[in-house]
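Engineer:
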Amino acid sequence: MPSFDSDRPLLMLTTLPSREAAQALAREAVQRHLAACAQIQAVESIYHWQGKVCEDAEWRLLLKTTQGRQAALAALVADLHPYELPALLSVPVQWSEPAFAAWITEAVADPQA
2 MPSFDSDRPL LMLTTLPSRE AAQALAREAV QRHLAACAQI QAVESIYHWQ GKVCEDAEWR
62 LLLKTTQGRQ AALAALVADL HPYELPALLS VPVQWSEPAF AAWITEAVAD PQA
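Note that the working numbering has the sequence shown beginning at 2, numbered continuously upward.
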């Protein structure tokens, strides 16, 4: 069983229906120290939903965080996301430049701790 390293960098991805929705979620995540950085990118999505194939313009939100903040960030996304079933994926980082990883850890440190 792999060990849990709460400071290990993690990327979380979701898609939103508008740039404004992506910006609002990104700002909230960064302001609450749940993400060190958020990147927003326009994408075209083709997917199955409720028995049909749909095509929509969406906005991908990439959030840079740590394993230790993953659960709190996921809860925030679930709370604020406008979709009935938001796509939310976490991707473990295999390697990161050590100073960059330390910056992520510092940026998401709980200010109340």
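C-beta atoms are modelled at their ideal positions from N, C-alpha and C, and glycine is treated no differently.
How many Å lie between VAL94 and ALA76 at the Cα?
Structural biologist: Your numbering for residue 94 matches position 93 in the sequence shown. Your numbering for residue 76 matches position 75 in the sequence shown. Roughly 21 Å between the two C-alpha positions.
Engineer: Using CA coordinates, which residue listed in PRO10, VAL92, LEU86 and GLU21 is at the minimum distance from HIS49?
Structural biologist: For the purposes of this step, residue 49 is taken as residue 48 along the sequence shown, with counting starting at 1. That would be LEU86, whose Cα lies nearest to the Cα of HIS49.
Engineer: Quick check on PRO99: does DSSP put it in helix, strand or coil?
Structural biologist: Numbered from 1 along the sequence shown, position 98 holds the residue referred to as residue 99. Helix.
Engineer: Considering only their Cβ atoms, is the gap separating LEU81 from THR15 smaller than 8 Å?
Structural biologist: The count along the sequence shown starts at 1 and reaches residue 15 at position 14. The count along the sequence shown starts at 1 and reaches residue 81 at position 80. No.
Engineer: Apart from the five residues on each side of it in sequence, which residues of its chain come closer than 8 Å, Cβ to Cβ, to ASP6?
Structural biologist: As a position in the sequence shown, residue 6 is number 5, starting the count at 1. Cβ within range, chain order: GLN68.
Engineer: In the DSSP output, what is PRO10 paired with across the bridge?
Structural biologist: The residue you call residue 10 lines up with position 9 of the sequence shown. Beta-bridge pairing links PRO10 to THR67.
Engineer: Pick from LEU17, PRO10 and GLU29: whose alpha carbon is nearest that of TYR84?
Structural biologist: Along the sequence shown, read from residue 1 onward, the residue named residue 84 stands at position 83. When only C-alpha atoms are compared, the closest one is LEU17.
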